[in-house]
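Quick note: the sequence shown uses this note's numbering, first residue 7, plus one each step. Where a beta carbon is used, it is the ideal one built from N, C-alpha and C, also for glycine. A short worksheet on the structure shown next.
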Amino acid sequence: MTTMVAAGTPLAEALSSVISPKLSEMGWSSDGDDSALIEYVILMLVNGKTQEQIAGELSNDLLGLGEEGDTQALEFSRWLFEQVEILNQQINGGGAPALNDHTSAQAIPSFADQEAAVTQPAGLDGHTQDADMAMGDDANATDDSIPTGPKAMRNGRPGGRGRMLNQINRAMDRGDRGDSTLHRVRGPGGGRINTHGQNNGKGRFNQNGGGRMQGGRQMNMGPMMNMNQNDQMQLMSLLEEQARMMAQLMPGFVPPAINPAFQQNGPQQGRSLFDRVERQHGPRHHRNQRNNRTTEQDNDTDMEMKPQGEQDETNTDTVCRFNLRCSRKDCPFAHQSPAAPEGSPVDVADPCPYGAACKNRKCTGRHPSPAVKSAHQAEEMCRFFPNCANPHCHFKHPSMPLCRNGADCTTEGCKFTHLQTACKFNPCLNPSCPYKHAEGQKGAFPDKVWTPNSGKPHVSERKFVTDEDGAEEFIKPGATDGSQSQEIMRLVCSSKGALGVVRVPLGRSHLGNCRLHSTKPYDVAVIGGGITGLTAAYRLSRDPRCKKVTLYESKDRLGGWMQSDTVTVENELSQGKLVLERGPRTLRAAFPTALPLLDLLLELDLQDDVVITRKDSPATTNRYIYYPDHLVRMPAPRPNESLIKYIRSLIKTVKEEPLFEGMINALWREFRHPPAASGKPDESIADFISRRFSPKMADNLVSAVMAGIFAGDINRLSAQTLMGTFRNLEMNGGSVLRNIVKDMLQKRKYWYMDDTFAYQCLLGGSGDQDYAQKLQALYKDASVFTFKEGLEQLPRAITEQLKKSKNVDIVTSADIRALIQDPMTHDLTVDLGGTSLRTHNRVIATVKPLHLANMIPQRMAKSRYYPAQSVKNLRADNNNYAVTVMVINLYYKEEDHLDIPRGFGYLIPRSVPFEQNPERALGVIFGNETSVGQDTVDNKKLTVMLGGHWWDGLSESEYPDHEKAYNLARSVLRRHLNITAEPLNTQICLHVDAIPQYTVGHLDRMNELSQTVRTEYHKRLTLAGSWYGTNGIGVLDCVRQGYLAGTFGVGARKLKPTTGSGYWSRYDWQNWDLEGGIVTSPVRYAEVNASDANGL
7 MTTMVAAGTP LAEALSSVIS PKLSEMGWSS DGDDSALIEY VILMLVNGKT
57 QEQIAGELSN DLLGLGEEGD TQALEFSRWL FEQVEILNQQ INGGGAPALN
107 DHTSAQAIPS FADQEAAVTQ PAGLDGHTQD ADMAMGDDAN ATDDSIPTGP
157 KAMRNGRPGG RGRMLNQINR AMDRGDRGDS TLHRVRGPGG GRINTHGQNN
207 GKGRFNQNGG GRMQGGRQMN MGPMMNMNQN DQMQLMSLLE EQARMMAQLM
257 PGFVPPAINP AFQQNGPQQG RSLFDRVERQ HGPRHHRNQR NNRTTEQDND
307 TDMEMKPQGE QDETNTDTVC RFNLRCSRKD CPFAHQSPAA PEGSPVDVAD
357 PCPYGAACKN RKCTGRHPSP AVKSAHQAEE MCRFFPNCAN PHCHFKHPSM
407 PLCRNGADCT TEGCKFTHLQ TACKFNPCLN PSCPYKHAEG QKGAFPDKVW
457 TPNSGKPHVS ERKFVTDEDG AEEFIKPGAT DGSQSQEIMR LVCSSKGALG
507 VVRVPLGRSH LGNCRLHSTK PYDVAVIGGG ITGLTAAYRL SRDPRCKKVT
557 LYESKDRLGG WMQSDTVTVE NELSQGKLVL ERGPRTLRAA FPTALPLLDL
607 LLELDLQDDV VITRKDSPAT TNRYIYYPDH LVRMPAPRPN ESLIKYIRSL
657 IKTVKEEPLF EGMINALWRE FRHPPAASGK PDESIADFIS RRFSPKMADN
707 LVSAVMAGIF AGDINRLSAQ TLMGTFRNLE MNGGSVLRNI VKDMLQKRKY
757 WYMDDTFAYQ CLLGGSGDQD YAQKLQALYK DASVFTFKEG LEQLPRAITE
807 QLKKSKNVDI VTSADIRALI QDPMTHDLTV DLGGTSLRTH NRVIATVKPL
857 HLANMIPQRM AKSRYYPAQS VKNLRADNNN YAVTVMVINL YYKEEDHLDI
907 PRGFGYLIPR SVPFEQNPER ALGVIFGNET SVGQDTVDNK KLTVMLGGHW
957 WDGLSESEYP DHEKAYNLAR SVLRRHLNIT AEPLNTQICL HVDAIPQYTV
1007 GHLDRMNELS QTVRTEYHKR LTLAGSWYGT NGIGVLDCVR QGYLAGTFGV
1057 GARKLKPTTG SGYWSRYDWQ NWDLEGGIVT SPVRYAEVNA SDANGL
């Protein structure tokens, strides 16, 4: 079959309609939904699969038919190829289908295949003339004992193209055998076909003693020899005209000469059979050895090929035989579009107006030689210089190195290269900046170019200190002048413009260089448009080796649960705005977890929009717990409070408040007489705290904290996942509190190893310790921070940058029907329904595990390529458990002077009596204290959170409606804060399955899921996001996972050893596999000393 099938064409749609009833007829249909199987069959045709390959995949892999189904699958495959020809004739007007032709299909016929497809002319007696021409035998005689060529080429026998090439190669490697018909086509020197270096005869018809007449055998030309000379010449003319017509229909097809013996003065030089067979891609080292022995050009003449040399320029309305490989700038022949796939059709009568600059992949017009474009590019300066990393760049690069004075060099006659690109930093503090600067943009630096009259010594005149006349000086590598370091630190911490000093361009950073040399160009799909997916897509868009990023989101907006609303409020004396958050409202400025987020803010230029809550603000120091019927302030030093006064206040609070009942005795008992470790790999938080300290501490304090973070039940949450450092201290032996005090005295900390991984992936300066320290210095006084327009400003800024990127495609409202992996290439195809299929080299999934499992077709369950273990783990109930939270924002009139304590808000533990919390509230947030600098009016705003683990087991119909939720929120505020005023307005938002719960055994389940996905998907599928987290569910954790997935997860870089004390270098890090699956370290925590922390 030579008909091409392309996705989305009328031919593909017509095939889909006829395949469906055929599947029902074959008994392969189930439940009436065959869309996935039909689309996969069409995809195999698009990819150029042969009849045998399609039959094999249907019988063995897709349907599991067994031995009995092989015949059915082959019958279906033959019927399918017949339908392609029939439908192509009806739709596109193709030639009549040859129903008896079972030749294997090929998507784009190669040059050698086109020659083999040309049928030999029939003789006068009606019999087909053998292309090999029986030597010494009757042309009509058939003797199976004498082969007429490779087995795959005889009698229309179906066979794979690769098999045919292998048989030809084996036949060519045989010795001199006189009984082989294939070896009769050679010169008098013996040896195999196309034997280089031998003086073979010039012709095949006994001219000069060569060709097929050797050995005393006579050639029987068959009925064709009975023609007279005029009939023979007329037949040759007819066949040559037919060849020219085929050249116009099939670009790249070279019209062959029918017989060199009928051309001028007998035979001429032609290509050998070895040259005519389409070569396989890749290096062929033995070819060079064979060519080294060549002394003369081979003299074999190819009966079916035109002699080598120039095309006939009298008829330039044909396609150049070199096509896209043409290197002749003034080539008069037609060429296909340089952007179209090789072998695309060409209309030689329709010149393309864009010429060699055409970028339309579907253009069929006539184009000039590609050498025209190459010649133009060779004169244009590369706009990526000096950071161009393409070793095959066609554009011009300066021959001289960059001038040390930069583009502002004032030296007359300077021969070095000066860039004309403007520097983007103002002021520019880099004395070696090579870019152009405006007046006053760059400070004055001494001239670095030496001239004879400058008075500066030449490098050859410099004197060095010797042991006799100079003192030894110790220079520490990488050290700089102290004053300069202090100046840079002061500038970085003072203004936005000076941040350019600490940034390292991606093309020159350690990360960029590592990435350029570690991977090939690749295409990535990101499924899920939350903060994790957006971060990963942005990270990939900055990778020069990532040629395409496609972001799929099922909803019509991006950003996930990060939603902010700005409302205009009109008071009697003022008017302004209030920012209301539907999801998370603040971001922790925790080091080093916040490093990827801070790096992202600088890349997005959002640092001027950050609103900081300082460590000494009321929102940080005043945090409350409601127990049993009033607010209790958690012990924390107030600003400007002396140590003695704080200790007195602490003792009084612990003694008087029922919330802390029995806590002192529990802490002292754990310190003096610690209980033994549980010995279990994991346990619930309630079990750990109750066993280690007391049940009251678990019920009163820890349950409230976990309600504010996870909205979860401490009887189910995993202690090893969420309190791993404390459990590790327990396993070390002794008291947990005693070990904590010991670590504090020794200034020892425990960081997540994943944080140190992400530190190596920073965009601004990978591996740059100064860059990380300066990022930390920017927010050293901040406890939490947000943005002027709310947290949704972050995903909006990322989305805006992605839309500007040329290699990013965003697909919203995407309904992914199937995610299928090719068993041969391991590429993943995303099926959006209908004929919309997109194939990617890598996929990053951030969606719920159950949703991802539903994308894997169940129809392939019997296939050996079906990822059974991955689907099983993705569908596990514990991996899909999440809680639903309702957020109710209320804001009041400015004249309503509400008596609200200053602070962040309060949480409600599970030990509160039911009559004090019948609404099942989780807590209340005082919005004004956390948004100082965000709102422009003084209206009070409060946020009530309901649900969480209290709503486990409820269906969506049982959740409170708008009116009921409003009444529940007002009831909570009336009882706890004595607020009876009616709010000016209310905003209610229900988040179903919003917060994944890390229950007992979570780490083991994630490890098993990661290993199965990494193995069954051959490291092509990466999982990231809060559903697959191992440390936390916050925005900072999601951004870190986006960084890790966009680098290590897709194989863009590998883990490298660290310098100095290192972190993972202390372990067997060479055997850690981070590509595919969940990107996380097998060792969760890195022990960091104070010196190491300062070094990072």
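- Message: Which of the three DSSP states is assigned to Leu723 in this structure?
- Response: strand
- Distance, Glu58 Cα to Asn66 Cα: 12 Å
- Query: How would you write the range of the alpha helix (DSSP H) that Thr762 sits in, first residue to last?
  - Reply: Met759 to Tyr765
- Query: Applying the criterion that 16 or more other CB atoms from any shown protein chain within 10 Å of the CB defines a buried residue, is Gln96 buried or exposed?
  - Reply: exposed
- Query: Can the beta-carbon of Asp635 be found less than 8 Å from the beta-carbon of Gln922?
  - Reply: yes
- If you draw a straight line from the C-alpha of Tyr871 to the C-alpha of Val1019, how long is it? 13 Å
- Task: Select from Leu1080, Arg1072, Asp1079 and Arg548 the residue whose C-alpha is nearest the C-alpha of Tyr1091.
- Result: Arg1072
- Task: Since I believe Ala377 is in contact with Ala595 (beta carbons under 8 Å), could you give me their beta-carbon distance rounded to a whole number of angstroms?
- Result: Not really, about 58 Å apart at Cβ, beyond 8 Å.
- Query: If you compare alpha carbons, which of Trp956, Ala975, Leu784 and Leu1015 is closest to Leu856?
  - Reply: Leu1015
- Message: Give the list of continuous alpha helix (DSSP H) stretches no shorter than 4 residues that lie fully inside the region 333-406.
- Response: 376-385
- Whole alpha helix (DSSP H) elements within the region 1004-1060, 4-residue minimum: 1008-1022 and 1041-1050
- Would you call the CB atoms of Val853 and Gly953 closer than 8 Å? no
- Query: Asn885: which of Val1089, Leu743 and Val1006 sits nearest, CA to CA?
  - Reply: Val1006
- Message: Is it the case that the region 1023-1042 contacts the region 620-631, given that we only count it when at least three CB pairs across the two stretches are under 8 Å?
- Response: no
- Task: Could you tell me which residues DSSP puts in a beta bridge with Arg870?
- Result: In DSSP, Arg870 forms no bridge with anything.
- Ordered along the chain, which non-local residues of its own chain (more than five positions away) have a Cβ less than 7 Å from that of Ser811? Ser547
- Message: Measuring straight from C-alpha to C-alpha, what distance separates Asp904 and Lys946?
- Response: First, the amino acid is wrong: residue 904 is Leu here, not Asp. In a straight line, the C-alpha of Leu904 is about 8 Å away from that of Lys946.
- Task: Say whether the region 795-804 touches the region 527-534, bearing in mind that this needs 3 or more beta-carbon pairs closer than 8 Å, one atom from each stretch.
- Result: no
- DSSP three-state assignment for Ser690, whether helix, strand or coil: strand
- Taking Met406 and Phe422 to be in contact with their CB atoms under 8 Å, please state how far apart those CB atoms are, rounded to whole angstroms. 5 Å
- Task: Return the first residue and the last residue of the alpha helix (DSSP H) that Phe677 is part of.
- Result: Met669 to Arg678
- Message: Short of 8 Å in beta carbon distance, which residues of its chain neighbour Ala820, apart from the five on each side in sequence? Order them along the chain.
- Response: Tyr558, Glu559, Ser560 and Leu838
- Query: Do Ile1001 and Ala783 have their CB atoms nearer than 8 Å?
  - Reply: no
- Message: Using a Cβ-Cβ cutoff of less than 6 Å, which residues in the same chain neighbour Asp902 once the five nearest sequence positions on both sides are dropped?
- Response: Ala987
- Locate the beta strand (DSSP E) running through Leu408, then write down its first and last residues. Here Leu408 belongs to no beta strand (DSSP E), and DSSP marks it neither H nor E.
- Query: Which term fits Trp567, buried or exposed, when burial requires 16 or more other beta carbons within 10 angstroms of its beta carbon?
  - Reply: buried
- Would you mind reading off the limits of the beta strand (DSSP E) that contains Lys947? Lys947 to Gly954
- Query: Going by Cα to Cα distance, which pick from Ile60, Ile537 and Thr15 is closest to Leu1104?
  - Reply: Missing from the structure shown is residue 1104; the chain here goes from 7 to 1102 and no further.
- Message: Cutting at 6 Å between CB atoms, please list the residues of its own chain near Arg1046, excluding the five before and the five after it.
- Response: Pro602 and Ala764
- Task: Mind listing, in chain order, the continuous alpha helix (DSSP H) runs of no fewer than 4 residues lying wholly within the region 522-603?
- Result: 537-547
- Among Glu348, Gly714, Thr370 and Asn734, which residue has its Cα nearest to the Cα of Pro356? This sequence places Asp at residue 356; Pro is not what is there. Considering only alpha carbons, the answer is Thr370.
- Task: Grab me the residues of Val660's own chain with a C-beta within less than 8 Å of its C-beta, minus the 5 sequence neighbours each way, in chain order.
- Result: Pro641, Phe666, Met669 and Ile670
- Message: Considering only DSSP beta bridges, list what Tyr630 is partnered with.
- Response: Arg639 and Tyr912
- Do Pro392 and Pro440 have their C-beta atoms closer together than 8 Å? yes
- Message: Rounded to the nearest angstrom, what separates Ile481 and Lys335 at their Cα positions?
- Response: Bear in mind that the predicted position of Ile481 carries a pLDDT of just 45, short of 50, making it unreliable; the figure below should be weighed with that in mind. Distance between the alpha carbons of Ile481 and Lys335: 57 Å.
- Message: According to DSSP, is Glu647 part of a helix, a strand, or is it coil?
- Response: coil
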